Amino acid sequence: MAAAPQVPASSLPELTNEEILRYSRHLILPEVGMEGQRRLKNAKVLMIGTGGLGAPLGLYLAAAGVGRIGLVDFDVVDVTNLQRQVIHGTKDVGRLKIDSAADSMQDINPALQIDKYNVPLTSANALELFKDYDVIVDGTDNFPTRYLVNDACVLLDKPNAYGSIFRFEGQATVFHHEDGPCYRCLYPEPPPPGLVPSCAEGGVLGILPAVIGSIQATETVKLILGKGTTLSGRLMLYDALNMKFRELKLRRNPECPVCGDNPTVKELIDYQEFCGIPQQAAAEAEEQGRMSEITPLELKVRMDRGDDIFILDVREPHEYDIAKIQGSALIPLGQVAQRVDELDSTADIIVHCKMGGRSAKAQGILKEMGFSRVTNLTGGILRWSDDVDPSIPKY
Amino acid sequence: MAKILIPTPLRQYAGGADSVDISASTAGEMLTKLTDAYPDLKKQIFNDEGKLRSFVNVYVNDDDIRYLDRNDTVVKDGDTVSIVPSIAGGI
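Put into structure tokens, the structure is as follows:
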């Protein structure tokens, strides 16, 4: 199952003399050779995401001589991307990522055919998008899309070169290749929304996606060549902070709802629903209805007129070092419950964080502990910087 | 003594520790002792019924305990137990 289709060598495209020179370092590797390079030229790879993981993937797959690469992304290059998404440059800020990525890839390899899909990947378009490609590379950043990519790969019988990253850690493997496991065999269900922080909240070492994305690119090339031993059945764990690679065994779960012996998922489902996103949004809306909020401008008015208010910052100390509201006290969200006796339960408390999410959690914790006058600052310190004090740096 | 490795997303619930040495004979006992020492970890790893959450895997050395004896999987001196939660970041 799910091997890259082994086209007979006789029907592979020929290399031009220019290509023979360009790929000479590949051609003198016996594991690649003329046939392997022609397989690369014949190959079609679909990259989901052109961000951190997509950056090294796009650059190296273009350089390696993959004939056709599809890019799926609807995001725009932002200045905070440039710390790690090396396929985009400063001049590209504000451009579509697929346009910027395609320019970089085309510069490396003008012969490459690039298919640009400026759309979010959904259950309605995934099968149609995937069907023409030999290998799918998952470089997305959220659970619903990861389950969607997995299920579409299993349903269409295509291998998925998988990678994911968080702070200093990465995971990489190949799913659904030959008789190997799929993503659902590894993790049958996603975590509830909000439990696992995103890179925007949790941070990510800029070089981390280079390592994981390069592993995905390597696996993609091996799948195309049909050479070597892929990561199918093994989960590679990388810890940049301690510079350690470890490997865990993965097995196909015979009871897997998608790739098991008696699959129950036979078509794509609603992955937002599966990952609890609408339920979470409804719960948050209900919560917000019960919780009081204040905008940065309203808070500024209250501060200027000398109201007696206590501003509690629930971010981490290293974030407090970057930017803080003058006069605020810091207790990280994780310590709020233990350090509650440092706070006056009768005081007028304004809680804030970076964007308003963690402070809403802190507000809930304090309310449960009997604090009655706790108000959340909407939009956090980022909006404070936008609306009140632009001298405060945004991060 | 066996070592239990705590992944980055869960370290904040374990006083920042990246690994803890625990004396136990099964994987289940390791996890119980760990979450007794760090109660905040409990609801990250276990659901309300006290079962391992489905987005958290536990390995003894390189093997998933779901394919061994689950909580009863034997842990010997010098073994490494890993908690591996799913992460989704990519951009």
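Chains as they are written, first to last, in the working numbering: chain A, 9 to 403; chain B, 342 to 432.
Glycine included, every Cβ here is placed at the ideal spot set by N, Cα and C.
On a predicted model such as this, the values are computed, not experimentally measured, just so you know.
{"Query": "9 Å Cβ cut-off: residues of chain A touching residue 349 of chain B", "Result": "174, 175, 176, 177, 210, 247, 249"}
{"Query": "Inter-residue Cα distance where the pair is residue 151 of chain A and residue 194 of chain A", "Result": "13 Å"}
{"Query": "Extent of the continuous beta strand (DSSP E) to which residue 344 of chain B belongs", "Result": "343–346"}
{"Query": "Close Cβ partners of residue 280 of chain A (< 8 Å) along its chain, the five nearest in sequence each way excluded", "Result": "152, 286"}
{"Query": "The beta strand (DSSP E) enclosing residue 76 of chain A, as first and last residue numbers", "Result": "76–80"}
{"Query": "Length-filtered (3 minimum) beta strand (DSSP E) runs lying within the segment 166–233 of chain A", "Result": "168–174, 177–183"}
{"Query": "Residues near residue 103 of chain A in its chain [Cβ-Cβ closer than 6 Å; skip 5 each side]", "Result": "85"}
{"Query": "Any chain B beta carbon closer than 9 Å to residue 150 of chain A", "Result": "yes"}
{"Query": "Anticipated Cβ contact below 8 Å, residue 49 of chain A with residue 23 of chain A, distance rounded", "Result": "7 Å"}
{"Query": "According to DSSP, residues forming a beta bridge with residue 270 of chain A", "Result": "DSSP, once it has assigned bridges, lists no residue as partnering residue 270 of chain A."}
{"Query": "Minimum C-alpha distance to residue 305 of chain A - residue among A:173, A:241, A:387", "Result": "A:387"}
{"Query": "The segment 306–317 of chain A touching the segment 164–180 of chain A, judged by at least three CB pairs closer than 8 Å", "Result": "no"}
{"Query": "Close-in-space but distant-in-sequence residues of the same chain around residue 382 of chain A (CB under 7 Å, 5 per side omitted)", "Result": "357, 359, 371, 374, 375"}
{"Query": "Contact set between the segment 257–270 of chain A and chain B, restricted to residues whose Cβ is under 7 Å from the partner", "Result": "257, 259"}
{"Query": "Contact with chain A by residue 430 of chain B, beta-carbon distance below 9 Å", "Result": "yes"}
{"Query": "Cβ pair residue 213 of chain A, residue 175 of chain A closer than 9 Å", "Result": "yes"}
{"Query": "DSSP three-state assignment for residue 1 of chain A, whether helix, strand or coil", "Result": "This structure gives no information on residue 1 of chain A, because the portion of chain A shown stretches from 9 to 403."}
{"Query": "Residue 43 of chain A versus residue 34 of chain A: straight-line alpha-carbon distance, rounded", "Result": "11 Å"}
{"Query": "8 Å Cβ cut-off: residues of chain B touching residue 1 of chain A", "Result": "Residue 1 of chain A lies beyond the residue range present for chain A, which begins at 9 and ends at 403; the question has no answer from this structure."}
{"Query": "Three-pair Cβ contact test at 8 Å for the segment 85–99 of chain A versus the segment 63–71 of chain A", "Result": "yes"}
{"Query": "Cα-Cα separation between residue 402 of chain B and residue 128 of chain A, rounded to whole angstroms", "Result": "39 Å"}
{"Query": "Residue 398 of chain B - partner residues in DSSP beta bridges", "Result": "B:425"}
{"Query": "CB contact check: residue 408 of chain B to chain A, cutoff 9 Å", "Result": "yes"}
{"Query": "Option in A:143, A:217, A:72 with minimal Cα separation from residue 78 of chain A", "Result": "A:143"}
{"Query": "C-beta contact flag for residue 177 of chain A and residue 421 of chain B at 9 Å", "Result": "no"}
{"Query": "7 Å Cβ cut-off: residues of chain A touching residue 400 of chain B", "Result": "256"}
{"Query": "Backbone CA spacing between residue 259 of chain A and residue 191 of chain A [nearest angstrom]", "Result": "10 Å"}
{"Query": "Test: residue 198 of chain A CB closer than 9 Å to a CB of chain B", "Result": "yes"}
{"Query": "The alpha helix (DSSP H) enclosing residue 153 of chain A, as first and last residue numbers", "Result": "151–164"}
{"Query": "Within 9 Å, strictly: CB atoms of residue 57 of chain A and residue 148 of chain A", "Result": "yes"}
{"Query": "Check whether residue 172 of chain A and residue 430 of chain B have beta carbons under 9 Å apart", "Result": "yes"}
{"Query": "Extent of the continuous beta strand (DSSP E) run through residue 360 of chain A", "Result": "357–360"}
{"Query": "Minimum Cβ-Cβ distance from residue 158 of chain A to chain B less than 9 Å", "Result": "no"}
{"Query": "The segment 69–81 of chain A: positions lying closer than 7 Å to chain B by Cβ", "Result": "none"}
{"Query": "C-alpha distance - residue 196 of chain A paired with residue 317 of chain A, whole-angstrom precision", "Result": "47 Å"}
{"Query": "Identity of the residue in B:355, B:354, B:359 nearest residue 318 of chain B by Cα", "Result": "Because chain B in this structure spans residues 342 to 432, residue 318 of chain B falls outside the shown range and cannot be described."}
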